[in-house]
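Colleague: The structure that follows is given in the form of structure tokens.
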Amino acid sequence: MDRQMCNQLVDYFNEQLNENETRDFEKHLSTCEECSIELAEWHVLTDDLPYVSATVNPPEGMRARVLSAVFEEEPINEQIPKKSVVPNETVTSIKKKKGISWLPAVAAALMLSVGGNVFLAAVVKNQHEDIVAQSETVDQLLAYVNLTPIEGDASGTASIVKHGDETRVMVQASSLPTLSNDEVYQVWLIDDNGPVRAGTFKSDSQEGAVVFTLPEGMKLDWSQVAVSHEPNADSQTPLGNVLMASNFK
Amino acid sequence: MDNLTDAQLYVLLRSKDQVALEELYDRYERLVYSFAYRMTQNAQMAEDTVQEVFIKLWKEHAPYTENKGKFSSWLLTMTRNTSLDALRKKGKQQEVGLLDKDAEQMKAPIDESPEQMLDWKEKGTVLRKALNRLKEEQRTIIELFYFQGLSQDSISVKLEIPLGTVKSRIRLALQHLRKHLETERGMSPNGPSDV
Chain A
24 MDRQMCNQLV DYFNEQLNEN ETRDFEKHLS TCEECSIELA EWHVLTDDLP
74 YVSATVNPPE GMRARVLSAV FEEEPINEQI PKKSVVPNET VTSIKKKKGI
124 SWLPAVAAAL MLSVGGNVFL AAVVKNQHED IVAQSETVDQ LLAYVNLTPI
174 EGDASGTASI VKHGDETRVM VQASSLPTLS NDEVYQVWLI DDNGPVRAGT
224 FKSDSQEGAV VFTLPEGMKL DWSQVAVSHE PNADSQTPLG NVLMASNFK
Chain B
30 MDNLTDAQLY VLLRSKDQVA LEELYDRYER LVYSFAYRMT QNAQMAEDTV
80 QEVFIKLWKE HAPYTENKGK FSSWLLTMTR NTSLDALRKK GKQQEVGLLD
130 KDAEQMKAPI DESPEQMLDW KEKGTVLRKA LNRLKEEQRT IIELFYFQGL
180 SQDSISVKLE IPLGTVKSRI RLALQHLRKH LETERGMSPN GPSDV
């Protein structure tokens, strides 16, 4: 162990090292378990320290000044290409499909989505290229499916993308039913053990998109993806109508 | 929009949704400003820090993901780093002993009551009590290390301690703080009721 190097943890934490020193320390960090643990420990131990700050009222007019500076010289929504709902993520036009008969039991609807429908599970080549073209940071497309309408006319796509060390689920949807009160659209990933939450979103325009980063270490052999219309953002299992679903295989 | 979680708003923000940025701003304006003020002890620098933090959020797509922990923690780390940058640029030195002043301010009323404010109030009260239990030299090293972001050289000089012991003393102070925090939380699991 390089004790002198280990002592640089203080300056690394406080961003006091120059670029080269930072690079060297990070190299050291990757091999020194003691420093890695201590760094993580410091992050945890200092996590709440900001809350020791006494509440101070911001100066009058700060909100307007800050937001004006933030939005200055930036393209606003209208300048974003219409299809790019979320940068770095895919949004592709989808052919609407007629709704499949609604089943009142959500579980049954999910089961139907597995067995009863013909899914467009194949990766569409040009859509894949579209994704890569839109984002330099997309590393690997693991799965891509068109979502089949189950209830109503909603349609969309779902993809799972390996982005560096992260795995993200991206869902884009259109022709969504109108939300009221606390209602949300909820994305679910489904395997033999049932559905797991994978992103929540809302939209006023019947179109929407969500990117959800899966927790590290989560297995990736999901069999299906579904989007449901939930009464609020807290549902741990689908409580509302399943709008669309698809198989990954 | 106000029903969305911070992480959901962040996703929208990345698609250049100004309303999402404004919602996050409104949720965190006071906390970010107060923390920046605590760090810089200067109203203008604190406002500049708030501005810088939200510009980073908006323009640079600072890479937050939910597996990095809570959005609030991530935002406050960015606030700390931005405040330290501002202090370094100005060559501004803080006084030691601010943590004692924080303790005096623990009865300052927080009259608003959204979730974040309650969380802030509860965490702040427990923290101040735990910090008060530390020896003065341990409070000082936390002040110099965390709130002033000094280098280990500077801490060594200020505290007149050998350079090689700075890291271990910081660690010890933080570990004691954790121990006191656990005690405080154990005593008041539902948060403070005396403020």
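Respectively, the protein sequence lines represent chains A and B.
This note's numbering puts the first residue of the first sequence at 24, with every later residue one more than the last.
This note's numbering puts the first residue of the second sequence at 30, with every later residue one more than the last.
Don't be surprised by glycine CBs; every beta carbon is placed ideally from N, CA and C.
Computed from a predicted structure; not experimentally measured.
(1) Leaving aside the five residues before and after isoleucine 184(B) along the sequence, list all residues of the same chain whose C-beta is less than 6 Å from its C-beta, in chain order.
(2) Ends of the alpha helix (DSSP H) at alanine 92(A)?
(3) So is valine 48(B) buried or exposed if we call it buried at 16+ other beta carbons inside 10 Å?
(4) Less than 7 Å between CB atoms is the rule here; does arginine 56(B) satisfy it with respect to chain A?
(5) How close, in whole Å, do the beta carbons of valine 210(A) and alanine 221(A) come, if the pair is a contact with beta carbons under 8 Å?
(6) Please list the segments of the alpha helix (DSSP H) lying wholly inside the stretch 35-99 of chain B, counting only runs of 4 or more residues, in order along the chain.
(7) Here's the rule: buried if 16 or more other CB atoms are within 10 angstroms of the residue's CB, otherwise exposed. What is tryptophan 245(A)?
(8) Given 8 Å as the limit, is there contact between the stretch 71-83 of chain A and the stretch 38-52 of chain B, that is, 3 or more CB pairs closer than that?
(9) Take arginine 191(A) as the anchor and find which of Tyr175(B), Glu165(B) and Tyr93(B) has the nearest alpha-carbon.
(10) Could you name the residues of chain A that serine 112(B) contacts, counting a contact when the two beta carbons are closer than 8 Å?
(11) Please list, in chain order, the chain A residues whose beta carbon lies closer than 9 Å to that of phenylalanine 100(B).
(12) Looking at tyrosine 175(B) and threonine 69(A), is the spacing between their C-beta atoms short of 7 Å?
(13) Leaving aside the five residues before and after isoleucine 183(A) along the sequence, list all residues of the same chain whose C-beta is less than 6 Å from its C-beta, in chain order.
(14) Within 10 angstroms of its Cβ, does arginine 250(B) collect 16 or more other Cβ (buried), or is it exposed?
(15) Would you tell me roughly how many angstroms separate the C-alpha atoms of glutamate 95(A) and alanine 75(B), rounded to the nearest one?
(16) Can you tell which of Leu32(A), Asp257(A), Gly175(A) and Asn80(A) has its C-alpha closest to the C-alpha of serine 59(A)?
(17) Between the Cα of histidine 252(A) and the Cα atoms of Met241(A), Leu266(A), Asn169(A) and Ala92(A), which residue gives the shortest distance?
(18) Could you check the C-alpha separation between cysteine 29(A) and aspartate 55(B) for me, to the nearest Å?
(19) So arginine 200(B) contacts chain A; which residues on that side make the cut at Cβ distance below 7 Å?
(20) Taking the beta strand (DSSP E) that threonine 236(A) belongs to, which residues open and close that run?
(21) Can you say whether glutamate 81(B) is buried or exposed, counting buried as having 16 or more other CB atoms within 10 angstroms of its CB?
(22) Grab the span of the alpha helix (DSSP H) containing aspartate 47(A) for me, first residue to last.
(23) DSSP beta-bridge partners for methionine 267(A)?
(24) State the DSSP-derived secondary structure class of glycine 240(A), mapped to helix, strand or coil.
(25) With DSSP collapsed to three states, give me the class of proline 73(A).
(26) Count the other C-beta atoms from every protein chain shown that fall within 10 angstroms of the C-beta of methionine 241(A), then say buried if there are 16 or more, exposed otherwise.
(27) I'd like to check one pair, glutamine 181(B) with aspartate 34(A): are the Cβ atoms closer than 7 Å?
(28) Could you work out which residue in Val168(A), Ala232(A) and Ser228(A) is closest to alanine 196(A) when comparing CA atoms only?
(29) Classify glutamine 73(B) as buried or exposed, calling it buried when 16 or more other Cβ atoms lie within 10 Å of its own Cβ.
(30) Since serine 197(A) is in the beta strand (DSSP E), which residue starts that stretch and which ends it?
(31) In whole angstroms, give me the CA-to-CA distance for valine 219(A) and glutamate 239(A).
(32) Closest Cβ-Cβ distance between proline 81(A) and chain B: below 7 Å?
(33) Serine 203(A) and aspartate 176(A): beta carbons closer than 7 Å?
(34) Please report whether the beta-carbon of tyrosine 208(A) lies at a distance below 7 Å from any beta-carbon of chain B.
(35) So with Cβ pairs under 7 Å, would you call proline 238(A) a contact of chain B?
Modeller: From the atom records:
(1) Leu173 and Val195
(2) 85-94
(3) exposed
(4) Chain A, which has no Cβ nearer than 7 Å to the Cβ of arginine 56(B), makes this no.
(5) 5 Å
(6) 35-43, 47-69 and 72-88
(7) buried
(8) no
(9) Tyr93(B)
(10) What serine 112(B) touches in chain A: nothing, since even the nearest Cβ is about 10 Å away.
(11) The contacting residues do not exist; phenylalanine 100(B) stays about 12 Å from chain A at best.
(12) yes
(13) Its chain contains Leu165, Ala166 and Val192 as the residues whose beta carbon lies nearer than 6 Å to that of isoleucine 183(A), once the 5 sequence neighbours on both sides are disregarded; these appear in chain order.
(14) With chain B represented from 30 up to 224, any question about residue 250(B) goes unanswered, as that position is not in the structure.
(15) 20 Å
(16) Leu32(A)
(17) Cα-wise, what sits closest to histidine 252(A) is Leu266(A).
(18) Approximately 40 Å between the Cα atoms of the pair.
(19) Glu61
(20) 231-236
(21) buried
(22) Taken as a continuous stretch (DSSP letters only), the alpha helix (DSSP H) holding aspartate 47(A) covers 42-54.
(23) Pro172(A) and Val250(A)
(24) coil
(25) helix
(26) exposed
(27) yes
(28) Ala232(A)
(29) exposed
(30) 189-197
(31) 15 Å
(32) The C-beta of proline 81(A) comes closer than 7 Å to at least one C-beta of chain B.
(33) no
(34) No, tyrosine 208(A) lies away from the interface with chain B (no Cβ there is under 7 Å from its Cβ).
(35) Yes, proline 238(A) lies at the interface with chain B (some Cβ there is under 7 Å from its Cβ).
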